[in-house]
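Written out below as structure tokens is the structure these notes cover.
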Amino acid sequence: MLRHVLKSQQFDRALLLELFRETKVFAEKLESSHGKEELRRICPHRLLFTIFYEPSTRTRASFESAAHYLGMNCFSTENARVSSSAFKDEPLENSIENLCGYRPDVIVLRYHEEGGAERARAISTVPIINAGDGPGQHPTQSLLDIYSMWKDLHGEVDGITALIGGDLRNGRVARSDVYLLSKFKGIRFKFVSPNELRMKDDVLAHLREHDVPYSETENLEEVLPEADVVYWTRIQRERMTEEELARFAPLKDRFVLGERHLPLMKKNAIILHPQPIAGEIEPRVKLDPRARWKSQSANGLPSRMVLLTWVMNRFPHFH
Amino acid sequence: MLRHVLKSQQFDRALLLELFRETKVFAEKLESSHGKEELRRICPHRLLFTIFYEPSTRTRASFESAAHYLGMNCFSTENARVSSSAFKDEPLENSIENLCGYRPDVIVLRYHEEGGAERARAISTVPIINAGDGPGQHPTQSLLDIYSMWKDLHGEVDGITALIGGDLRNGRVARSDVYLLSKFKGIRFKFVSPNELRMKDDVLAHLREHDVPYSETENLEEVLPEADVVYWTRIQRERMTEEELARFAPLKDRFVLGERHLPLMKKNAIILHPQPIAGEIEPRVKLDPRARWKSQSANGLPSRMVLLTWVMNRFPHFH
Amino acid sequence: MLRHVLKSQQFDRALLLELFRETKVFAEKLESSHGKEELRRICPHRLLFTIFYEPSTRTRASFESAAHYLGMNCFSTENARVSSSAFKDEPLENSIENLCGYRPDVIVLRYHEEGGAERARAISTVPIINAGDGPGQHPTQSLLDIYSMWKDLHGEVDGITALIGGDLRNGRVARSDVYLLSKFKGIRFKFVSPNELRMKDDVLAHLREHDVPYSETENLEEVLPEADVVYWTRIQRERMTEEELARFAPLKDRFVLGERHLPLMKKNAIILHPQPIAGEIEPRVKLDPRARWKSQSANGLPSRMVLLTWVMNRFPHFH
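Residue numbers (the numbering used here), protein chains in the order written: chain D, 121 to 439; chain F, 121 to 439; chain L, 121 to 439.
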């Protein structure tokens, strides 16, 4: 039973596989009018509030659309830091408590500080879905990421080598993905990042504790040939110190995934990215059939539909 | 017949009691699926626009939710000063006139200047509900406030002693509440505020004219034992002059409602607050059963549902 | 077959007349409950996304309302530059591509740079409606403008003399209107603007090429008596250089349409304005029966309803 979706650690392999199978069914239903009609009957008259304290394109729109295709209603606050009582320094807890009084069936929350979703859950009378809590986690992104791997690798996540690259220190999605992927069997991680932006110790300790092999390098070419999944992310230069930036300057091209890398990759590998992309992938890479971030993003719709039905205990009848 | 909701003075005792009885019925309907189904049939296919020129958490969300539970549709502008033609200095009247042309059934308006709702009404072809007009009024808040008193005092508002405390000079809700409460019989007011932030003369003149007894003090302890309702509000320090602030500094703790005050209060008294709360109530006070601002806020949903049905002349059939 | 609505040049006279006749039918249906019920059945369960990178009052609200009256669902981003990944410099194309993945049936886009709608169309899998692209075009405004002329001139657009005045250099609507109007037969244009703000050469070249007569003047009084339509717009002083402003200062009253002009106008002429109005029309002019910008704005609802049905190929059965 899933009531709130707060962090990747809540999920185990069995639950993930169930979620993925269900997501695939939902995705198929979305392809036909008859299927859409079935989906619309799952949550009639239910109400979703999305409250965003930080910008979003994909996450908010996909939840709104998920609500629509489930027959729910949805109201959103797109810029809560300015247009809500947060502007008058109301604590998050008070806002959530009051919103619950207006009887939404679910609240999707993006907050600008780590722990926001957990603080909301502590007071909420309705399910809370974490849509990103500052540098903390972004579990619904991770769920669609791993679903995208599962789907594009034909159900075979066990045993893969996952290359996770870019800014591993600051990227909440990269962190959440590692936690989730490590639930599968025989996963090997290849972390590629500037030394300054290496994966933090909590994640590495978690891997060591569970005997999940990993390596760390600044050299993409060295590990690219082994990867079944290349998960690439943006270097968040704005979070580096001046010294870090000075050392990083001559290296920066190493962290742009380019056409020159394509021949080094496995034929059946896939390239994913949580987006937005800001130059860290050369445009022509997108033409390669292994580039999958477009369908990855679209997977957010069925994946979030399933999550909504689960937290509301609205299991559809078609399985 | 209520067409627009602009200010507290529109309501008399009989209308208030009718509104409260209806609100209670709506609140009960919201507790069952059958009741919700009845509510949804009241305003099918009706359209609400909410237009907010100032931040809001409770008011906007509760109107959106009210629309949802009445079977209506709702579109909101959460930050009209930036995202509407207000940005190009369009007068409010022109915006409202044009919005009316798109055939909403009701407009809920929060404006940053006193008189905004009245200016909108003057041009509007559809009902206008004032959701706060700068330092003017906030009548739908007052209606839920007095409803909360009526409900928690078991229908007995006549004859109560109401302690209204905090910033009485600048608080639009405190002002609206006094106008509304004074419609009942035998009300006594105890105003507690720094001298600089006393209730303004228009309100006091109104009370004298209608022979409603009131007293003013800086000393909460002195009047607390007599209160049936303690309505507490935030000191808006940002609106005080430097001299006022200098005199106020040593007094400020007097205007924090704390645990030490609880033993002084009547056993059956209730504590209300319009929120957001920013330190003027000690957190532990919330654990006292007399603290009611959480249910007070939730009362906004059925109360606003009733107002919407009234201004649209959509009286439900279940009474 | 209309798939995207990007610019005025897409429309020819026959298509415009069909659109206008349909718009009139929709407008009539909106007047009765039975008609509204018919309209609601046109696009059930369809989904509209509106994405606004610049402020809007009329355009966004009328599309939201159009969706409502067609039985569609609609989600809006009112301030995408701040609340979407545009804030993290995501290119428009990537945002649109991802939004398409969430299966809207139409996207209505206002962008702050010329060519935004065309860039969106190039990547979109669903119809794009241009709701203004910076200084480029605003075709849905032009369609409702010309519809307003057609309706208020009783179907007789051929042969009219159209006076277009104000800031013709910077006004995207004035430009779009000229392109559209020139599709009709025997149109004569009278352009009235400060010399600095004359209609740009691309438009004038287009008129010369199609043998559409036009004149240019700074003197409103000179051409006003001939006009069947007076289309008045705001002088965008913020876009003038200091030298331009210095020369313009003594002339500025000439570009305020005032009561003194009314006796010069034809009895059956009409005055239109795209709004917001910021002083360039004296308030009392609105009392003249020839002032039509209020109904012009309201025409946006049925006009945009028809466009939505056309781009989705949802032709209603009632004609």
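Just so it is clear, CB atoms sit at the ideal spot from N, CA and C, and this is done for glycine as well.
- Taking 4 residues as the minimum length, the alpha helix (DSSP H) runs contained wholly in the region 161-222 of chain L are 178-189, 200-203, 212-220, in order along the chain.
- For the pair D/T337 and D/K320, the CB atoms are not nearer than the 9 Å cut-off.
- Taken in chain order, the members of the region 173-202 of chain D whose beta-carbon sits within less than 9 Å of a beta-carbon on chain F are N193, F195, S196, T197, E198, N199, A200, V202.
- D/D132 is bridged by DSSP to nothing; it lacks a bridge partner.
- Inclusion of L/A398 and L/R354 in the CB contact set at 9 Å is warranted, their separation being smaller than that value.
- For L/D297, the three-state secondary structure derived from DSSP is helix.
- Collapsing the DSSP output to three states places F/S335 in a strand.
- Against L/S417, the close residues of chain F are N218, G221, in the order they occur along the chain (beta-carbon pairs closer than 7 Å).
- Membership of D/V431 in the alpha helix (DSSP H) is indicated by the continuous run 420-431.
- The Cβ atoms of D/L300 and D/D331 do not sit closer than 9 Å to each other.
- Taking 9 Å as the threshold, the shortest C-beta distance from D/I397 to chain L falls below it.
- Only Q395, P396, I397, A398, K414 from the region 381-414 of chain F bring a Cβ to less than 8 Å from some Cβ of chain D.
- Within the same chain, I171, F172, Y173, A206 come within 7 Å of D/A200 by CB-CB distance, once the 5 residues on both sides are set aside.
- For L/D209, the C-beta contacts it makes with chain D under 8 Å involve P396, A398, in order along the chain.
- DSSP places F/G399 in the coil class of the three-state scheme, outside both helix and strand.
- With its beta carbon less than 9 Å from one in chain L, F/N214 belongs to the interface.
- Check the Cα spacing between D/F131 and each of D/L428, D/K303, D/C163, D/T179: the tightest is with D/K303.
- If you look at D/D272, you'll find it in the alpha helix (DSSP H) that goes 259-272.
- What L/F435 touches in chain D, judged by beta-carbon distance under 7 Å, is nothing: the nearest beta carbon there is about 18 Å away.
- Counting only residues of its own chain and dropping the five nearest sequence neighbours on each side, F/G256 has a CB closer than 7 Å to the CB of E234, G235, R292.
- A Cβ-Cβ contact shorter than 9 Å links L/I249 with L/I227.
- Approximately 5 Å separates the beta-carbon atoms of L/S182 and L/R424; this is inside 8 Å, confirming the contact.
- With respect to chain D, the C-beta atom of L/H165 has a partner C-beta closer than 9 Å.
- Sequence-distant partners of D/E213 (beyond 5 residues in either direction) whose C-beta falls short of 8 Å from its own C-beta, in its chain, are R239, A240, A242, I243.
- Residue burial is scored here from C-beta neighbours: F/L136 has at least 16 other C-beta atoms within 10 angstroms and is therefore classed as buried.
- Nearest in C-alpha terms to D/G378, of all of D/E341, D/H437, D/K149, D/H326, is D/E341.
- Among the residues of chain F, those whose CB is under 9 Å from the CB of L/L150 are R223, following chain order.
- D/K305 counts as exposed, since fewer than 16 other beta carbons sit within 10 angstroms of its beta carbon.
- Inclusion of F/V202 and F/V431 in the CB contact set at 9 Å is not warranted, their separation being larger than that value.
- Rounded to the nearest whole angstrom, the C-alpha separation of F/R223 and L/E184 is 11 Å.
- Residues of the region 230-246 of chain D whose Cβ lies closer than 7 Å to any Cβ of chain F: none.
- Straight-line measurement puts the Cα of D/T177 at about 12 Å from the Cα of D/P394.
- At least one CB atom of chain D sits nearer than 9 Å to the CB of F/L421.
- Under DSSP, F/I249 shares a beta bridge with F/V125, F/V228.
- With fewer than 16 other CB atoms across the displayed protein chains lying within 10 angstroms of its CB, D/H154 is exposed.
- It is roughly 54 Å from the alpha-carbon of F/F169 to the alpha-carbon of D/P370.
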